[in-house]
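Numbering (my numbering), first residue to last: 1 to 334. Here a beta-carbon is modelled for each residue, glycine too, at the ideal position from N, C-alpha and C. Since this is a predicted model, take the numbers as computed values, not measurements. Below is one structure; the comments refer to it alone.
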């Protein structure tokens with residue numbers, strides 16, 4: 001099978017940009033690297049910093065404002081979104097929705113945000129607290145319900161709201177109920193993600209489902225997909241596939257090789273460090289070695305075309321991939 005050609009790099013900046021709005025968070029998720037390790041000092045991106053980065057790009061199709069942190073904790077998040085909407089076709093972010101007050105819900109709608117992805121992972125308060133480390137299930141449900149109701153009142157289709165579920169052995173039994181919760185809230189999309197595991201907390205290989213689905217777990221997936229179809233809920237998985245296909249996995253000597261991210265997107269942390277993607281901080285054994293440049297102090301073109309990025313791409317194409325890519329597509333997710 002002929003490999004998919006890589007996009008041109010030199011002189012051509014990516015059209016997808018991940019900007020970590022903040023690395024602060026109000027959740028303590030038991031599957032998140034942030035709960036167990038401090039990778040960078042606490043920081044929020046400012047509107048001025050975002051402008052300084054974005055204005056270097058001749059064209060951007062998509063800006064994603066999440067990373068390791070809760071975007072709503074950035075006090076300038078709505079101004080950042082509004083600015084980006086003057087420069088970028090699509091702007092979105094994942095959120096735990098804990099701090100989505102009534103006033104913030106209105107500002108979120110008015111900012112022009114295209115998609116608001118609510119990470120919940122559970123359909124009950126007990127599972128929510130066990131997985132996400134805080135007792136905020138009822139608040140999040142109420143906040144999402146209020147946002148959807150306000151959109152209807154204002155007759156606004158955006159931001160498109162979806163509920164996100166990181167599937168694992170700890171919560172797979174609740175997936176059908178999670179689909180029902182989405183329907184009850186008036187949310188039309190549910191996304192199922194693979195667990196990115198690194199051995200910390202509940203992010204373990206024993207808790208992962210990818211390529212190791214048992215009969216009962218597969219039955220819960222089928223049940224959830226059947227219910228979603230009946231309720232008119234779009235049920236998808238990251239990677240433009242179905243949850244069942246995503247979790248069933250497949251054999252490959254180089255499972256990471258299907259990824260296009262080193263050629264198509266860049267990720268900037270709240271401290272300005274440029275990383276190859278948003279998954280990499282979760283699994284890298286050598287975090288300082290992961291940093292490919294600094295967006296506050298270097299021109300982005302010099303980073304993108306520079307020796308560190310080029311070496312990363314060269315290593316990626318070899319049989320011995322860069323540190324964060326060594327299991328991607330097999331041990332966690334592309």
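Q.
For residue 275 and residue 172, what's the separation of their Cα atoms in angstroms?
A. Between the alpha carbons of residue 275 and residue 172 lies a gap of roughly 31 Å.
(Q) Runs of 4 residues minimum, wholly inside the region 70–149: which ones carry the alpha helix (DSSP H) assignment? (A) 77–84, 102–111, 125–132
Q) From what residue to what residue does the beta strand (DSSP E) around residue 62 run? A) 60–64
Q: With DSSP as the reference, label residue 193 as helix, strand or coil.
A: strand
Q. Buried or exposed: where does residue 49 fall if 16 or more other Cβ atoms within 10 Å of its Cβ makes it buried?
A. buried
(Q) Just to confirm my understanding: we take residue 289, look at its own chain, exclude 5 residues before and 5 after, and list those with CB closer than 8 Å. What are they? (A) 323
Q: Excluding the 5 residues preceding and the 5 following residue 312 in the sequence, name in chain order all residues of the same chain whose CB lies nearer than 8 Å to its CB.
A: 262, 276, 292, 322
Q: Note down the Cα distance separating residue 301 from residue 85, rounded to an integer number of angstroms.
A: Whole-angstrom Cα-Cα distance: 22 Å.
Q) Is the Cβ of residue 277 closer than 7 Å to any Cβ of chain D? A) Checking the listed chains, one finds no chain D in this structure; it contains a single protein chain.
Q.
For the beta strand (DSSP E) containing residue 16, name the first residue and the last one.
A. 16–19
Q | residue 111 classed as buried or exposed, judged by whether at least 16 other C-beta atoms fall within 10 angstroms | A | Result: buried.
Q: Report the rounded CA-to-CA distance for residue 266 versus residue 39, giving the unit in angstroms.
A: 18 Å
Q.
So the candidates are 245, 307, 83, 326; which of them puts its Cα closest to the Cα of residue 257?
A. 326
Q) Say the cut is 6 Å; is the CB of residue 288 nearer than that to a heavy atom of the ligand GDP? A) Ligands are entirely absent from the displayed structure, and the ligand GDP is therefore not among its contents.
Q) Using 8 Å as the Cβ pair cut-off and three pairs as the minimum, do the region 83–101 and the region 55–73 touch? A) yes
Q: Tell whether a beta-carbon distance below 7 Å holds between residue 82 and residue 45.
A: No.
Q. Of all the alpha helix (DSSP H) runs that stay within the bounds of the region 224–270, which reach a length of 4 or more residues?
A. 243–248, 261–264
Q | When 43, 62, 90 are compared against residue 14, the one with the closest alpha-carbon | A | When C-alpha distances from residue 14 are compared across 43, 62, 90, the shortest belongs to 62.
Q) Less than 7 Å separating the beta-carbons of residue 60 and residue 17? A) yes
**Q.** Environment of residue 31 [buried if 16+ CB atoms lie within 10 Å]
**A.** buried
Q) Any idea what DSSP makes of residue 179, helix, strand or coil? A) helix
Q | Alpha-carbon spacing of residue 66 relative to residue 164, whole angstroms | A | Rounded to whole angstroms, residue 66 and residue 164 show a C-alpha spacing of 14 Å.
Q. Around the Cβ of residue 272, are there at least 16 other Cβ atoms within 10 angstroms (buried) or fewer (exposed)?
A. Per the 10 Å Cβ criterion, buried.
(Q) Could you check whether the region 207–216 touches the region 186–198, counting it as contact only if at least three pairs of C-beta atoms, one from each stretch, sit closer than 8 Å? (A) yes
**Q.** DSSP three-state assignment for residue 26, whether helix, strand or coil
**A.** coil
Q. How would you call residue 335, buried or exposed, if buried means at least 16 neighbouring beta carbons within 10 angstroms?
A. No statement about residue 335 is possible, as the shown extent of the chain runs from 1 to 334 and does not include it.
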